[in-house]
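Residue numbers (the working numbering): -6 to 327.
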Ligand code: TRP
């Protein structure tokens, strides 16, 4: 069976964008078609200033939400990155494979470090080395496919380069993975700023729907979504991005086969459409919120899933990372 790996960073509450853009596909498709590993990548949450209690809380919450969304421990491996030493162990070997120049060329690093410096802040070294740790996450499991958003494509490209380089230098060790960008996943945009994606960190403007938002909060956010000038409801991503986003969300809520351009024809006013979107999102999230509440009441269950997930992950990664240690010339323990 194909091995696939993906990760969620516990840096914010999971959003409707995370769910429709990635998690739903992990649940409906990926966990059934492949040997899938899903990882709460907590080490990655430490690359920028962070609050320890918040990272801890968000890690547990992310794991609970992924289970609530329908990941099943019988079908996939769900675990916390820092519970498996192999990630950090392999990351160091890959730091010895990557070059300073290629790390500094990473777009996300350039953007994030520039922003941090503009604010007068300092940049953690781990922000620069972050993609190497991500490569370790992927390579430690012999991963073949990495389902990620477009913003991670460059990091997966780097992962491939590092795998190929390592294999050439030290003998075949790593599977060379590839990124998969699900064609059907909705690219949900911020409701207040349709030019940006609906991300965990963009909550300031109220344009981000979180999976655990109360129904009234969801409704308010949707009703206040920015729309474009004009009154008729048409689907035009370039000219009417706010409206197109609402139609995309509605189509995603309706499920496979629903076409935003066709849906547009069913509404004569922005108000009608927004009410429909609000209802759609509230109903989509209702079972997830309910299951989440049940799981929160049963922390022993979640702990058990994560414990077994980490054990399974270790079992897979350990021999491969040991082999890499031997390949580069490190002396086996005596
Ligand atoms: N960098 C990814 C993000 O910001 C998260 C991530 C870390 C990841 N390690 C990974 C994704 C390995 C896929 C595979 O979203």
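Even for Gly, the Cβ is constructed at its ideal location relative to N, Cα and C.
Distance check for residue j and residue i, CA to CA, integer angstroms please.
| i | j | result |
| --- | --- | --- |
| residue 104 | residue 243 | 32 Å |
| residue 319 | residue 77 | 19 Å |
| residue -3 | residue 140 | 8 Å |
| residue 166 | residue 8 | 37 Å |
| residue 38 | residue 2 | 6 Å |
| residue 194 | residue 315 | 37 Å |
| residue 286 | residue 292 | 11 Å |
| residue 128 | residue 317 | 14 Å |
| residue 313 | residue 168 | 10 Å |
| residue 235 | residue 4 | 26 Å |
| residue 274 | residue 233 | 21 Å |
| residue 323 | residue 163 | 12 Å |
| residue 172 | residue 65 | 23 Å |
| residue 184 | residue 199 | 8 Å |
| residue 270 | residue 239 | 7 Å |
| residue 95 | residue 229 | 38 Å |
| residue 118 | residue 304 | 30 Å |
| residue 135 | residue 143 | 22 Å |
| residue 264 | residue 300 | 47 Å |
| residue 209 | residue 21 | 28 Å |
| residue 257 | residue 23 | 30 Å |
| residue 67 | residue 174 | 25 Å |
| residue 328 | residue 98 | Absent from the structure is residue 328, since the part of the chain shown begins at -6 and ends at 327. |
| residue 47 | residue 192 | 17 Å |
| residue 309 | residue 241 | 39 Å |
If you follow the beta strand (DSSP E) that residue i is part of, which residue opens it and which one closes it?
| i | result |
| --- | --- |
| residue 38 | Element bounds for residue 38: n/a, residue is neither H nor E. |
| residue 172 | 171 to 173 |
| residue 71 | 69 to 73 |
| residue 376 | Within the shown structure, residues of the chain are numbered from -6 to 327, placing residue 376 beyond reach of any answer. |
| residue 29 | 28 to 33 |
| residue 3 | Careful: residue 3 lies outside any beta strand (DSSP E) and carries neither H nor E. |
Let's see if you can read the secondary structure: which residues bound the alpha helix (DSSP H) around residue i?
| i | result |
| --- | --- |
| residue 245 | 234 to 247 |
| residue 48 | 45 to 62 |
| residue 14 | Neither: residue 14 is in no alpha helix (DSSP H) and is coded neither H nor E. |
| residue 253 | 253 to 257 |
| residue 139 | Run containing residue 139: none in the alpha helix (DSSP H); it sits in the beta strand (DSSP E), 138 to 140. |
| residue 110 | 100 to 111 |
| residue 273 | 263 to 289 |
| residue 313 | 292 to 320 |
| residue 229 | Counting along the chain, residue 229 falls outside any alpha helix (DSSP H), and DSSP gives it neither H nor E. |
| residue 210 | 208 to 216 |
| residue 166 | Segment: none, residue 166 is in no alpha helix (DSSP H) and carries neither H nor E. |
| residue 122 | 118 to 132 |
| residue 84 | 79 to 88 |
| residue 95 | 93 to 97 |
Would you grab the beta carbon distance between residue i and residue j for me? Rounded to a whole angstrom, and I think it's under 8 Å.
| i | j | result |
| --- | --- | --- |
| residue 170 | residue 138 | 7 Å |
| residue 56 | residue 34 | So it is not a contact: roughly 12 Å between Cβ atoms. |
| residue 151 | residue 124 | 5 Å |
| residue 32 | residue 0 | 4 Å |
| residue 226 | residue 261 | 7 Å |
| residue 121 | residue 102 | 6 Å |
Out of the options, point me to the one whose CA is closest to residue i's CA.
| i | options | result |
| --- | --- | --- |
| residue 321 | 159, 147, 148, 67 | 159 |
| residue 132 | 300, 17, 239, 79 | 79 |
| residue 12 | 24, 117, 181 | 181 |
| residue 6 | 50, 70, 266, 100 | 50 |
| residue 217 | 175, -1, 187 | 187 |
| residue 289 | 205, 102, 225, 270 | 205 |
| residue 53 | 239, 296, 309 | 296 |
| residue 298 | 114, 71, 23 | 71 |
| residue 249 | 17, -5, -1, -6 | 17 |
| residue 202 | 115, 301, 28, 278 | 278 |
| residue 267 | 308, -5, 215, 245 | 215 |
| residue 25 | -5, 259, 156, 310 | -5 |
| residue 36 | 75, 237, 212 | 75 |
| residue 116 | 19, 276, 47, 43 | 43 |
| residue 307 | 22, 30, 245 | 30 |
| residue 114 | 15, 23, 41 | 41 |
| residue 93 | 155, 47, 46 | 155 |
| residue 146 | 69, 310, 100 | 100 |
| residue 311 | 81, 280, 246, 98 | 81 |
| residue 247 | 148, 272, 149 | 272 |
Taking 8 Å as the threshold, find out whether the segment 86 to 100 comes into contact with the segment 54 to 66 through three or more Cβ pairs.
no
With a cut-off of 8 Å, do at least 3 Cβ pairs link the segment 204 to 222 to the segment 244 to 259?
no
Segment contact flag, the segment 270 to 284 with the segment 106 to 124, C-beta cutoff 8 Å, min 3 pairs
no
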